[in-house]
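Protein chains in written order, with my numbering: chain A, 1 to 323; chain B, 1001 to 1292.
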């Protein structure tokens, strides 16, 4: 880790801390939702950027997490216990869903998860007795930790920041552990990883399940933030948006999904002055980014940086050097 | 019995239209490994070309349809390939998937903003009679849709199997490098595939819009169904997309009446998951073999 990187992390931490100060409730709400979607997108980045599998069900896992947390906390259970249930449920469902799909070929996880997302939406909408149907659940309480009450917007923001930092730290630790290296090996060359004795199916499945569990955590934070959830907020469109966050930011880069989530969450706010045209502009921007830099924004930044750096190349090793 | 026959015919008629979209989907996949997430919007858009031609430029129906066909070939076929697929293909499938998602959003929102957010009635090409057939009432429109869609698919199959260009296209789909060595103009063949997809989307659009009204959000369900039909039938076969489309159409209609209207949309999805688990290459598909 270079000094520059440490400095950058430090500045990022400070920025997270002072960002909401003196802002209105709405801005703080947008910041919270940026952090929550960052967690979700980081989970998808593990599946997509590191293990190389396309999942289109991240919104469904957020939905599962959100509904479990909402139902439990509304029944009087503490948030800490509820979030534990949300994460475990998403993890187990991820395992159960990924196992059959990953036995067969690579694109099938995308297809299975696509179907799964719509199935989850249908269940959430149709099982009124549990989920409140299309009306959703209203009045989800925000967690209390002894004297620290997150009912107000600002304390809730700091609560989300803490959750975000813990998740990011866990993620960074995992990526540097043998697991994380195995995930990268899978993405770079699955056949070689397999021949080196990695159980590729098991590792991919694990990456997918952990990514799904992070979706569940994001959902468990989303429910108390909005205090109202409905099936319509967890459709395929949201999954595609989360996918967009990962790709536009830069999949396979640690900060890619965080940048991407910021863009996807904040851009509509910034383009609000264009009225109805913002989605059109937004779609055009995504197309342009994808055409000119398929590695996403971080990839684009690295390309730009590399073009400014002096090229340290030894002239005598060049092909056709006149010696 | 009469009721079942009625459901079967309307299911087959809808299924044949789904098959058109699914066939295009399969063709693009074969020719360029493009998973087109905007396929639903491709079927939604041509109907609005027709409507715009009729209401804004005052064209008669046949001229509007002709213009829409040409526009579809140009925009959904040639421009899609030149501006989006071609520059992105060397970077793998994923950025392209995202780009087609964005393209779908762009088309949907543009129609909503620049034309209308309401469902538009669409002129029907066929008589609206209802025939009485052994007690079952069967609409002429359904039968005509079925015939047109089948005619399109059969002529496509004949073109691919019986003509020199068609076979060159098949060779390109199977192995572009070998095809190139054997003197096939691979780039042109891929372009033909995109043009055919544009044409199929336009036909599907003109057939389905009188039934469901032309609406900007039609693409969401249509794209999903085309996608499922292609996978259920077999991703690497045109026959497969046809069988998949018909199957989904019939199952959807039967499920709506006999099982549950609430979970109607779930049935094709469950079918998709079951097929992927039991027979991942699809009903008609052949296994693609290992990648090693």
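Even glycine gets a Cβ: it sits at the ideal position worked out from N, Cα and C.
Quantities reported herein were computed from a predicted structural model and do not represent experimental measurements.
- For the set A:195, A:82, A:160, A:199, the Cα lying nearest the Cα of residue 67 of chain A is the one of A:82.
- For residue 1138 of chain B, the enclosing beta strand (DSSP E) starts and ends at 1136-1139.
- Shown here, residue 199 of chain A sits in coil according to DSSP, grouped into three states, outside any helix or strand.
- Within 7 Å of the CB of residue 277 of chain A, the CB atoms of chain B belong to 1113, in sequence order along the chain.
- Taken in chain order, the members of the segment 1250-1264 of chain B whose beta-carbon sits within less than 8 Å of a beta-carbon on chain A are 1262, 1263.
- As for any alpha helix (DSSP H) of minimum length 4 sitting wholly inside the segment 75-119 of chain A, the runs are 79-103, ordered along the chain.
- Boundaries for residue 1132 of chain B: no alpha helix (DSSP H) harbours it, while the beta strand (DSSP E) harbouring it runs 1130-1133, taken from the DSSP string.
- Taking C-beta separations shorter than 8 Å and ignoring five residues to either side along the sequence, the partners of residue 1099 of chain B in its chain run 1084, 1088, following chain order.
- Assignment of residue 1184 of chain B by DSSP, reduced to helix, strand and coil, places it in the coil class.
- The C-alpha of residue 182 of chain A lies about 18 Å from the C-alpha of residue 95 of chain A.
- Every alpha helix (DSSP H) of 4 residues or more that sits fully in the segment 1184-1257 of chain B is shown, in chain order, as 1186-1212, 1218-1233.
- Within the segment 115-143 of chain A, the residues whose Cβ lies closer than 7 Å to any Cβ of chain B are, in chain order, 115, 118, 119, 122, 126.
- DSSP places residue 302 of chain A inside the alpha helix (DSSP H), whose first and last residues are 296-308.
- By the rule that beta-carbons nearer than 8 Å mark a contact, residue 83 of chain A does not touch chain B.
- Residue 1086 of chain B carries a helical assignment under DSSP once its states are collapsed to helix, strand and coil.
- Straight-line spacing of the CA atoms in residue 54 of chain A and residue 211 of chain A works out to 11 Å.
- Inside the segment 1018-1044 of chain B, DSSP marks no whole beta strand (DSSP E) run of 3 or more residues.
- Around the beta carbon of residue 276 of chain A, fewer than 16 other beta carbons lie within 10 angstroms, which makes this residue exposed.
- Closer than 8 Å to the CB of residue 186 of chain A there is not a single CB belonging to chain B.
- One Cα belongs to residue 1064 of chain B, the other to residue 1048 of chain B, and the distance between them is close to 10 Å.
- Per the C-alpha coordinates, the member of A:97, A:103, A:102 positioned closest to residue 120 of chain A is A:97.
- Chain order gives no chain A residues near residue 1154 of chain B, where near means a beta carbon separation below 7 Å; the closest approach is about 28 Å.
- Chain A places no beta carbon closer than 8 Å to that of residue 1032 of chain B, leaving this residue out of the contacts.
- Interface with chain A (8 Å Cβ-Cβ cutoff): residue 1269 of chain B is included.
- Annotation for residue 1100 of chain B: the continuous alpha helix (DSSP H) segment containing it runs 1093-1114.
- The Cβ atoms of residue 1022 of chain B and residue 1183 of chain B lie no closer than 8 Å to each other.
- Under the 8 Å criterion on CB atoms, residue 101 of chain A is classed as interfacial with respect to chain B.
- DSSP places residue 280 of chain A within a helical segment (H, G or I) once states are collapsed to three.
- For residue 247 of chain A, a Cβ of chain B is located within less than 8 Å of the residue's own Cβ.
- The three-state reading of DSSP puts residue 1157 of chain B in helix, counting H, G and I together.
- For the segment 1104-1133 of chain B, the residues whose beta carbon sits under 7 Å from a beta carbon of chain A are, in order, 1105, 1106, 1109, 1110, 1113.
- Here residue 263 of chain A has 245, 248, 249, 297 as same chain residues with Cβ atoms under 8 Å from its own Cβ, once five neighbours each way along the sequence are excluded.
- Chain A places a beta carbon closer than 8 Å to that of residue 1094 of chain B, counting this residue as a contact.
- Chain-ordered listing is empty here: chain B has no CB closer than 9 Å to the CB of residue 41 of chain A, the nearest sitting near 13 Å.
- Judged by DSSP secondary structure, residue 1065 of chain B falls within the alpha helix (DSSP H) whose first and last residues are 1061-1072.
- For residue 164 of chain A, the uninterrupted alpha helix (DSSP H) run begins and ends at 153-176, by DSSP.
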